[in-house]
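**Q**
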Amino acid sequence: MQLELTPEQVEGLCAIDAKGFVQTVERDILRDYPGLPAARLTERLAAALAHARAMGIEEDANLVDFLRTEALVPGFYKQPGLRRWMEKPGRPADQRFHDFVQVMRWQLRQGTDQQKPE
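Residues 608 to 725 (our numbering) make up the sequence shown, in order.
#1: Taking just the CA atoms, how far does residue 616 sit from residue 715?
#2: Reducing DSSP to helix, strand and coil, say where residue 611 ends up.
#3: Using the beta-carbon count (16 or more within 10 Å), is residue 662 buried or exposed?
#4: By how many angstroms is the C-alpha of residue 644 removed from the C-alpha of residue 659?
#5: Taking Cβ to Cβ, would you say residue 705 is nearer than 9 Å to residue 677?
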């Protein structure tokens with residue numbers, strides 16, 4: 608016997624899954640950044656998750672990076688530069704966002720390296 612779900616039931620299951628995902632990532636973020644204000648963090652992360660999925664980001668690792676970035680840089684995904692980058696044709700959203708994260712990490716390392724006294 609095959610279980611058939613209505614669209615509303617599927618939507619409800621997806622909402623439960625999203626809530627659990629956000630709670631798990633939030634717990635890890637607060638563990639890794641104990642000084643980070645927790646006020647409204649759940650709400651911000653849930654909105655960011657919905658936005659990431661609307662952009663076409665599906666891979667869990669990219670979704671985690673998206674939420675971690677939102678926690679540290681509120682509203683980062685609303686910046687025009689990121690939106691333009693993500694909307695460029697030719698590559699899937701997951702690859703585009705992964706590339707974005709790699710560039711940001713490289714730039715942070717370069718900035719740190721340039722601040723070291725010689």
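Even for Gly, the Cβ is constructed at its ideal location relative to N, Cα and C.
**A** Result, derived from the coordinates:
#1: Here residue 715 refers to the residue found at position 108 of the sequence shown. Here residue 616 refers to the residue found at position 9 of the sequence shown. Using only the alpha carbons, I get a separation of about 43 Å.
#2: Numbered from its first residue, the sequence shown carries residue 611 at position 4. Residue 611: coil per DSSP, three-state reduction.
#3: Taking the first residue of the sequence shown as position 1, residue 662 is located at position 55. By the 10 Å Cβ count, residue 662 comes out buried.
#4: For the purposes of this step, residue 659 is taken as the residue at position 52 of the sequence shown. For the purposes of this step, residue 644 is taken as the residue at position 37 of the sequence shown. Near 22 Å, if we compare the C-alpha coordinates of residue 644 and residue 659.
#5: Along the sequence shown, read from residue 1 onward, the residue named residue 705 stands at position 98. Along the sequence shown, read from residue 1 onward, the residue named residue 677 stands at position 70. Taking 9 Å as the Cβ cut-off, residue 705 and residue 677 do not qualify as a contacting pair.
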